[in-house]
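Here the sequence shown is numbered in numbering that gives the first Met the number 0, starting from 0 and rising by one per residue.
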Amino acid sequence: MCPPEQPAKAMAPSKSNQAAKSAVPTKEEKSADLVMATNNSSIVSKRSVEMLYYPEPHFFCHFVKKPQRRAPLINRGYWLRMHAMEESVRRFMRESPDKPKFVLNLGCGFDPLPFILLSADRSLCSQTTFVDIDYEKLMLNKKAALREAGALTQILEDVEFGPDESAVQIRSGQYVAVGCDLKNLDKLDRVLRAEVLPAECAVLFLAEVSLTYMDVKSANAVVSWASRLSNDAQFCILEQYFPDGPSHPFAATMMEHFGKLGAPLHSIHEFPSLSDQERRFTEAGWTHAHARSLWDLWSDDEFVPAVLRTSLDSIESFDEWEEFALFASHYFLLHASTRPGTKGSKSAAATADVGPSRQAVTRSNEFRLIPNTSLPTGQRRFGALVPGGEAVIGIHSGWGRQTRVADTDVYKTSKDNIDSHARFPSSNDISARLCHTITAFSDDGDCLLVGGRTSPASALQDTWVRKNNVWQAGSSLPLARFRHCATRVTLGSDRSSGSVLIYGGKTSDGTTLDTWLLWNDNGEGWSSVTVRTMNDAPAPKARFGACLASIDSTNGLLFGGIGPDGTILEDFWTWKLYEEADGSLCMELTDQTGSLRNIALGFDILPRFGATVSSTAQGLVVSGGIIPRRVVPFDGEILLLDSATLLDCIKNGLPLTTPILSTIGLDAGFTGPRPLLVGHVSHAISTDQVLLLGGGAVCFSFGTFWTRGTWMLCPVGERAVNDWALVCENVEKPTKAKAAAQIPAKTKKQKASKKYKPEKYKSTTKVTPIRRVTVESADEFQQILEDAQPVIIESADIGPCTELWTKEYLVNTVGSDRKVIVHAAETETMSFRTKNFKYESKTFGTFMDEVHAGGRQYLRSISEKQPAKLPANLAADFPSLSSDFRLPEALKTVVENAHSSPLRISGPVTLWLHYDVMANVLCQIQGEKRLILYPPSDVPHLDVPAGASSSNINVFQNRADGAIALIPHTSPHEARLKRGDILFIPPLWLHTAAPTGKVSVAVNVFFRNLSQGYALGRDVYGNRDVQAYEKGRKDLEKLVKSFSGLPPDMARFYLLRLADELQETAEQ
0 MCPPEQPAKA MAPSKSNQAA KSAVPTKEEK SADLVMATNN SSIVSKRSVE MLYYPEPHFF
60 CHFVKKPQRR APLINRGYWL RMHAMEESVR RFMRESPDKP KFVLNLGCGF DPLPFILLSA
120 DRSLCSQTTF VDIDYEKLML NKKAALREAG ALTQILEDVE FGPDESAVQI RSGQYVAVGC
180 DLKNLDKLDR VLRAEVLPAE CAVLFLAEVS LTYMDVKSAN AVVSWASRLS NDAQFCILEQ
240 YFPDGPSHPF AATMMEHFGK LGAPLHSIHE FPSLSDQERR FTEAGWTHAH ARSLWDLWSD
300 DEFVPAVLRT SLDSIESFDE WEEFALFASH YFLLHASTRP GTKGSKSAAA TADVGPSRQA
360 VTRSNEFRLI PNTSLPTGQR RFGALVPGGE AVIGIHSGWG RQTRVADTDV YKTSKDNIDS
420 HARFPSSNDI SARLCHTITA FSDDGDCLLV GGRTSPASAL QDTWVRKNNV WQAGSSLPLA
480 RFRHCATRVT LGSDRSSGSV LIYGGKTSDG TTLDTWLLWN DNGEGWSSVT VRTMNDAPAP
540 KARFGACLAS IDSTNGLLFG GIGPDGTILE DFWTWKLYEE ADGSLCMELT DQTGSLRNIA
600 LGFDILPRFG ATVSSTAQGL VVSGGIIPRR VVPFDGEILL LDSATLLDCI KNGLPLTTPI
660 LSTIGLDAGF TGPRPLLVGH VSHAISTDQV LLLGGGAVCF SFGTFWTRGT WMLCPVGERA
720 VNDWALVCEN VEKPTKAKAA AQIPAKTKKQ KASKKYKPEK YKSTTKVTPI RRVTVESADE
780 FQQILEDAQP VIIESADIGP CTELWTKEYL VNTVGSDRKV IVHAAETETM SFRTKNFKYE
840 SKTFGTFMDE VHAGGRQYLR SISEKQPAKL PANLAADFPS LSSDFRLPEA LKTVVENAHS
900 SPLRISGPVT LWLHYDVMAN VLCQIQGEKR LILYPPSDVP HLDVPAGASS SNINVFQNRA
960 DGAIALIPHT SPHEARLKRG DILFIPPLWL HTAAPTGKVS VAVNVFFRNL SQGYALGRDV
1020 YGNRDVQAYE KGRKDLEKLV KSFSGLPPDM ARFYLLRLAD ELQETAEQ
């Protein structure tokens, strides 16, 4: 039974150890504390896994007082780590029980592995004693937790707690806890031999990301000492390594992360590869050592059975496969033994450190990769490439800096202005998505957009067709899907136009598809394709994220993708599409896997997931993605397939007999920053040039890496220059003429009108959900500030207020008689323009009674002492509440630069749409709230009068059914806040809020994110426009007066000319 949740995230120091904290720590103690801090983050992530994936009883809850649900990528990564260690122990315990067994966990932290195994299978553990070993300070805290947790002591039976000064802190029949620094091997050896281990026993050492924090000499001493502790010893170590060198983007991001934490990895530099790690152990006295990457173990049915892999998807929707593979490829599990004759399991590890240049035919000296990383550079992944005409292409939708985006990044060979509206999808019509396809089906640039997803559980069924530069909705898919593959084919005599063939993909419920569909530009929509295989071979397995390519109009190939069991498929098929006499469509498939394996050196790097294929005169260029069992190596990132040979085999019905695979890599002479070809797009910009754009990945919990700029692959002999660059990050920005037309003219009659009549808008439910994130460090929050996009920070510690601030508590703590000023509204929608509310002074107790009874009231606290001069300050205005609320340490920059912190309590009323000049964080404490936000670029379309910060538009015009106003040329974002959430609102993002429950309680903290430029003088509410704008409006008045001597039409002509020039300057 888990204890109730507490505000603290992880274990606090025991009382007996708090006195030591008052002394000035030594350098070694500081280093130890930083290493122990990594354990805190680790067990919070493991607790997240336990909550979702493990049956009761749970054990991490005794060490993690406040659980946080991690992102699916983090959950799956830690699940694999936990499974790897647990399975290693189970295999050890299943061995012949001819002697007692001991599992020694070196640097155990708060990991409750012994309790998990003892609870799950007591009989399997009957001959095993678990021994946890870590720093004395940490083990004192672990002892304190066990004393308080009756559920743990009941599992152990007959528990004895030693004195704090003893090395053995806890002892029971099957569990021992030892407090000892691993650098003090003399003490550890003495304690284990004298107080723990019998003369004859089998020992399994565990080290899960613990020895790597030690200096290499000390870590090697532990490895060597362990080989001598028993004549029957085994060692399982799980650590990070460099599968493709430290310059790999994931590796570099990972190392930078640990460096920032002050807990750098050491062993990885001395033993960077799997073979180096194996040598490390054999040279330290171990008879055998065998290392495998976690990505390799993931696809091993003996280590992770297929039924277990697939069961994970039923618990939590998952589609971060590339990022999961990158993580798992940079961690290894090594098993070593002192037993004679021990054999390691057969795997790809023997060749995992061998690059394809030693196995496959290489043509790297025939090509070069030319980067162009000049500013600006886009940040987008998992979008779709859309052709835009001559020397213009775009990446549509996908994942942007913080969330899904609906617009298009446009790339061109020059920075000339382009009218991209017709060519590229409109974000007002086509919703944001990722993992969709856009396929050209004619020589005129007509193309088809198909499917995609919002979340892995929300596949999209719509299609969109561009013909004559106009986008229109097309025939919906028979079944919504994402991660499908698509290619152009042509049936019939007209070769100028064609059809789109799609295969596979994944549905909202996680089903992996094996269907072939053909879309034809004849108005008939989608047709199913009958599949026939040569030689009665089984049909290809269902898959998603595969590579599908046409070699000519009706012939092509299919390979790779992930199958229903969660592993990359290692087959290779050729296909021929034709029409039967009755007009039905037929696909003839030939399995070329066996023949290709026999003739293609380096076949192991051909099966890909998430790769791109581009057709050139040299052949089919395959770039990026992930491969089975290991990371894609540097000189295997780009491959070349001989399309002429493939086409000859297809047309003549022959097996492959000559090599078709060669490697290009990333250019042997290239020395610049390495791109990460994941989530990218590629496009053949000529018969022998391929352009690579976009891409990047969330590198587990270490940070996000973006592939910046453009990358052009071309033959060495060409005098090519890569001048492709981002020229427009958002094609929805109107042209100057359109922008002028969209700004409503305010006539004198309108200005004089006493009664304001709001414009009526249509309704929409299409909004972009604001991304949810967890923030563990100040560096992560600083990145959020730099990105300047709203995010919802969840699972953060904002103090006990989320539990305490009930109606009764607030009234009793603040005081029922405390006077407050509230907004009393006439309707549910407050308007700053019409002032349909009044300010009322009443007691806090009366306000709380009325608002909880459904009163349309809203409290935005002001300074109690000097409301006209000082901004609101929660600590000063409500001192009795100040200790209940706090911002997480990661948001310390907010605290250090705070301007104000008003308390907000609202009933069923909607706040008007407005913007704030200062950045702020909105902390939801009680109740729930829905906010709609608009980026600053939308302000011309939101009816914000000059010099004002509030809009006249009622966004929540149909709040009951969830719809909002459909305002042309805007990009609404939605935040749904629940208790404990923190919404970061960047400066100038317009926003409006409405409660979704009864009463909402929140604290807003406004902070200065500019070093200078704010409005001069007093700014109580933090929403005065910046100095430059206020001064500019005064200058504008003088400018207009200077034209007073001209005829009105001439004055208007030149004022519009100046307005045009001003807008042009603003958009530069």
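Just so it is clear, CB atoms sit at the ideal spot from N, CA and C, and this is done for glycine as well.
**Report entry** Inter-residue Cα distance where the pair is A290 and R227
**Finding:** 21 Å
Report task. Mind checking which residues open and close the beta strand (DSSP E) that includes H972? Result -> H972 to L976
Query raised in the report: Can the beta-carbon of S613 be found closer than 8 Å to that of A359?
Result: no
Query raised in the report: Among the residues of its own chain, which have a CB less than 7 Å from the CB of N467, if the five just before and after it don't count?
Result: none
Query raised in the report: If we call anything under 8 Å between Cβ atoms a contact, is A719 one with M711?
Result: yes
Query raised in the report: Would DSSP call S40 helix, strand or coil?
Result: helix
Query - Contacts around Y123, its chain only, beta-carbon distance under 6 Å, and the 5 residues preceding and following it disregarded - result: Strictly speaking, residue 123 in this sequence is Leu, with Tyr absent from that position. So the qualifying residues of the chain are M92.
Requested in this report: Tell whether a beta-carbon distance below 8 Å holds between Y933 and P971.
Outcome: yes
Query - N-terminal and C-terminal residue of the alpha helix (DSSP H) that I154 is part of - result: G149 to L155
Requested in this report: Decide if Q153 is buried, meaning its Cβ has at least 16 other Cβ atoms within 10 Å, or exposed.
Outcome: exposed
Query raised in the report: Among all the DSSP beta bridges, which residues are the ones paired with Y330?
Result: Q239
Query raised in the report: Buried or exposed: which applies to I742, given that a residue is buried once 16 or more other Cβ atoms fall within 10 Å of its Cβ?
Result: Residue placement at I742 cannot be trusted, given a pLDDT of 34 that sits under 50; what the coordinates show is reported in the next sentence. Its Cβ having fewer than 16 others within 10 Å, I742 is exposed.
Report task. Assign S171 to one of three DSSP states: helix, strand, or coil. Result -> coil
Requested in this report: Would you tell me roughly how many angstroms separate the C-alpha atoms of P1046 and L1057, rounded to the nearest one?
Outcome: 17 Å
Requested in this report: Would you check if the distance between the CB atom of C235 and the CB atom of L151 is smaller than 8 Å?
Outcome: no
Requested in this report: Would you kindly report the start and end of the unbroken alpha helix (DSSP H) that includes Y77?
Outcome: P71 to R93
Query raised in the report: Does the segment 80–87 come close enough to the segment 194–212 that 3 or more CB-CB pairs lie under 8 Å?
Result: yes
Query - Limits of the beta strand (DSSP E) - the one that D133 falls within - result: T127 to D133
**Report entry** Of the residues V102, W78 and G694, the one placed nearest R89, counting alpha carbons only
**Finding:** V102
Query raised in the report: Out of S474, V385 and K806, which has the shortest C-alpha to C-alpha gap to D520?
Result: S474
Query raised in the report: S905 by DSSP, collapsed to three states: which one?
Result: strand
Query raised in the report: Can you check whether the CB of A795 is closer than 8 Å to the CB of G979?
Result: yes
Query raised in the report: For the putative contact between G172 and E147, defined by C-beta atoms under 8 Å, what is the C-beta separation to the nearest angstrom?
Result: Contact flag wrong, Cβ pair sits at about 21 Å.
Query raised in the report: Measuring CB to CB, does T767 end up less than 8 Å from T402?
Result: yes
Query - Helix, strand or coil at R121 according to DSSP, with G and I counted as helix - result: coil
**Report entry** For N519, the first and last residue of its enclosing beta strand (DSSP E)
**Finding:** W515 to N519
Query raised in the report: With DSSP run on the structure shown, which of helix, strand or coil describes F633?
Result: helix
Report task. Would you identify the three-state DSSP class for R189, choosing helix, strand or coil? Result -> helix
Report task. Report yes if the CB atom of E322 is closer than 8 Å to the CB atom of L72, and no otherwise. Result -> yes
Query raised in the report: Looking at C-beta atoms only, is the number of pairs between the segment 429–445 and the segment 798–805 that lie closer than 8 Å three or more?
Result: no
Query - Exposure label - H682; buried when at least 16 CB within 10 Å - result: buried
Query raised in the report: Since I684 is in the beta strand (DSSP E), which residue starts that stretch and which ends it?
Result: H679 to S685
Requested in this report: Would you mind stating whether G844 and S815 have Cβ atoms separated by less than 8 Å?
Outcome: yes
Query raised in the report: Which whole-angstrom value describes the C-beta separation of H247 and V630, a residue pair presumed to lie in contact below a C-beta threshold of 8 Å?
Result: 7 Å
Query raised in the report: If you drop the 5 nearest sequence neighbours on each side, which residues of the same chain put their C-beta closer than 7 Å to that of K754?
Result: Only weak support is given to the placement of K754: the predicted model assigns it a pLDDT of 42, under 50, and the value that follows is read from those uncertain coordinates. Around K754: no qualifying Cβ.
Query raised in the report: Beta carbon of W525, beta carbon of L516: below 8 Å?
Result: yes
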